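Below: one structure, written as structure tokens.
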Amino acid sequence: PPMAAAVGSPEDVRNLSHYVLSLSKSPHDSLRASLGKSKFSACAACHGMDGKGNQALGAPNLTDDVWLHGWGEAAITAMINNGKTNQMPAQAEKLTEAQINVLASYVWSLSSNGAAAAAR
Ligand code: HEC
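Heads up, the sequence shown is in our numbering, so the first residue is -12 and it goes up one at a time.
Now the structure itself:
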């Protein structure tokens, strides 16, 4: 959701962006990050106090340096100000059930969980 109102002034949002960047050790301004840290409580309900995310809510891990929607002060500030509702287009019309099964196995094999399961 757009979170700027819960965070405070544009300066607060900017400081918080640097704190978010610091969670993954991405380049950031450490003074701004320390000023922004307390504002992260507004984010913790979904991303967790430690920023590691919540799969059930679809809230990404902010500590892993994997960015779905870009990183850097401008990208994170825009995310806080505007929010984002991503949607994957449905594919059922284009594929048979058998193709979906095979694709699901393939996608699972790409993840570290899938690779570990295949190795067992
Ligand atoms: C109500 C739950 C919720 C709250 C509160 C929330 N977020 Fe999120 N956040 C999400 C979800 C869900 C996504 C994934 C959006 C998508 O990809 O469609 C997300 C995505 C993000 C991303 C993008 C991550 C990436 O990989 O590109 C950032 C950055 C982010 N949130 C930061 C914050 C910050 C900072 C706050 C607090 C000011 C916050 N969020 C509050 C649910 C939340």
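Where a beta carbon is used, it is the ideal one built from N, C-alpha and C, also for glycine.
Just so it is clear, the structure is predicted and the values come from calculations on it, not from any experiment.
Among all residues, which have a Cβ less than 6 Å from at least one non-hydrogen atom of the ligand HEC, and in what chain order do they fall? That query returns the following residues: P(-12), M(-10), V(-6), L3, V7, A29, C30, A32, C33, H34, L44, G45, A46, P47, L49, W54, L55, H56, I63, M66, I67, K71, T72, N73.
Rounding to the nearest angstrom, what Cα-Cα distance links N2 and A79 in this structure? Going by the C-alpha atoms only, they are around 43 Å apart.
Around the C-beta of L90, are 16 or more other C-beta atoms found within 10 angstroms, so that it is buried, or is it exposed? Residue burial is scored here from C-beta neighbours: L90 has fewer than 16 other C-beta atoms within 10 angstroms and is therefore classed as exposed.
If we ignore side chains and look at the alpha-carbon of each, how far apart do H5 and P(-12) end up? A direct Cα-to-Cα measurement between H5 and P(-12) gives close to 19 Å.
Nearest residue (CA-CA) to T50, options A61, A31, S99: Relative to the Cα of T50, the nearest Cα in the group A61, A31, S99 belongs to A31.
Taking the straight line between their C-alpha atoms, what separation do you get for G23 and A61? A61 has its alpha-carbon roughly 15 Å from the corresponding atom of G23.
A46 (DSSP reduced to helix, strand or coil): Judged by DSSP in its simplified three-state form, A46 adopts strand.
DSSP-derived helix/strand/coil call for N88: In this structure, N88 counts as helix in the three-state DSSP scheme.
Among residues of its own chain, excluding the 5 on either side of S11, which ones have a beta-carbon nearer than 7 Å to its beta-carbon? Correct list, in chain order: L49, T50, D51, D52.
What does a CB cutoff of less than 7 Å around A(-7) pick up in its chain, not counting 5 residues either side in sequence? The residues are A29.
Using beta-carbon positions only, say whether G70 and S13 come within less than 9 Å of one another. Not a contact, by the Cβ cut-off of 9 Å.
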